[in-house]
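Contents: one structure, followed by commentary.
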Amino acid sequence: DARVTQTPRHKVTEMGQEVTMRCQPILGHNTVFWYRQTMMQGLELLAYFRNRAPLDDSGMPKDRFSAEMPDATLATLKIQPSEPRDSAVYFCASSLRADTQYFGPGTRLTVL
Amino acid sequence: AQSVTQLDSHVSVSEGTPVLLRCNYSSSYSPSLFWYVQHPNKGLQLLLKYTSAATLVKGINGFEAEFKKSETSFHLTKPSAHMSDAAEYFCVVTMMDSSYKLIFGSGTRLLVRP
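One line per chain: the protein sequences are A and B, in this order. With this note's numbering applied, the first sequence corresponds to residues 368 to 479, in that order. With this note's numbering applied, the second sequence corresponds to residues 35 to 148, in that order.
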């Protein structure tokens, strides 16, 4: 049963600290998406990659967020420095071709 | 431009009674449409998808949805609600460009009363 995995599942940190979230897409999937979910904004697309190349990161605050895919089995989302308004659930999703995205369980981030 | 509208933010049903979650879409082209479910503190799980092969789509856990082009609707139904169906449901359409980005509805929270 292939699944998207994300680590950590929960992260509590203090304002100003660096946060790194990791995602392992389903083996063979070539497109990876990062989303953020909050009560106020719902689900927002932050960035996505195809064949490890970043295609769109217009949803991310550029000054503090960065996303990378060091290899085909790992995607990372970093926040430096973190702020309380970054508190949210961050989801990773992967897909092989057009449109069917499979979501990971999410990382719940709390910035104090 | 593509968009989806979920007509109810909350739906409450009794266990054993039918479920209807409504979704209308807007698309210039024949869309790909999905329903995802999110249980509390969980990720989004794909329930079903429509990609023009058949207008009545069967999904997991007894759910199904019917694509009606004339009504631009893609409502989700289930004949008999179970307590475990209590969750948030998202109707989703794919952007018809090469990005395959998803456009999410605002969600419908389903409450199931014993």
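C-beta atoms are modelled at their ideal positions from N, C-alpha and C, and glycine is treated no differently. Note that the coordinates shown come from a computational prediction; the quantities given were computed from them, not determined experimentally.
Minimum C-alpha distance to residue i - residue among the options
i, options, result
"M117(B)", "I137(B), T51(B), C125(B)", "T51(B)"
"L81(B)", "T89(B), N75(B), G96(B)", "G96(B)"
"Q468(A)", "D42(B), F68(B), S61(B), L55(B)", "F68(B)"
"S37(B)", "H73(B), P148(B), Y59(B)", "Y59(B)"
"T106(B)", "V45(B), Y84(B), D119(B), K76(B)", "Y84(B)"
"F416(A)", "G409(A), G471(A), M436(A)", "M436(A)"
"L144(B)", "L55(B), L41(B), Y63(B)", "L55(B)"
"L441(A)", "T380(A), P451(A), G409(A), P392(A)", "P392(A)"
"V371(A)", "S61(B), Q79(B), K135(B), Y63(B)", "Q79(B)"
Any C-beta of chain B under 8 Å from that of residue i
i, result
"P472(A)", "yes"
"Y363(A)", "The first residue shown for chain A is 368 and the last is 479, placing residue 363(A) beyond what the model contains."
"V468(A)", "As written in the sequence, residue 468(A) is Gln, which differs from the Val given in the question. Yes, because at least one Cβ of chain B sits closer than 8 Å to the Cβ of Q468(A)."
"G409(A)", "yes"
"L444(A)", "no"
"L412(A)", "yes"
"T405(A)", "no"
"L422(A)", "yes"
"T398(A)", "yes"
Cβ separation of residue i and residue j, assumed to be a contact under 8 Å, to the nearest whole Å
i, j, result
"E385(A)", "K445(A)", "7 Å"
"V71(B)", "A121(B)", "5 Å"
"E49(B)", "P148(B)", "6 Å"
"C57(B)", "L110(B)", "7 Å"
Buried or exposed (CB count within 10 angstroms, at least 16 for buried), residue i
i, result
"K92(B)", "exposed"
"H396(A)", "buried"
"T374(A)", "exposed"
"T474(A)", "buried"
"L90(B)", "exposed"
Short CB-CB distance (under 8 Å) between residue i and chain A
i, result
"K102(B)", "no"
"L144(B)", "no"
"G96(B)", "no"
"G141(B)", "yes"
"K83(B)", "yes"
"F138(B)", "yes"
Contacts that residue i makes with chain C (C-beta to C-beta distance below 9 Å)
i, result
"S462(A)", "In the structure shown, chain C does not exist; the protein chains are A and B."
| query | In the stretch 49-61 of chain B, which residues sit with their C-beta less than 7 Å from some C-beta in chain A, listed in chain order? | reply | none
| task | Give the residues from the stretch 61-80 of chain B that approach chain A closer than 9 Å (Cβ to any Cβ), ordered along the chain. | result | S66, F68, Y70, Q72, N75, K76, G77, L78, Q79, L80
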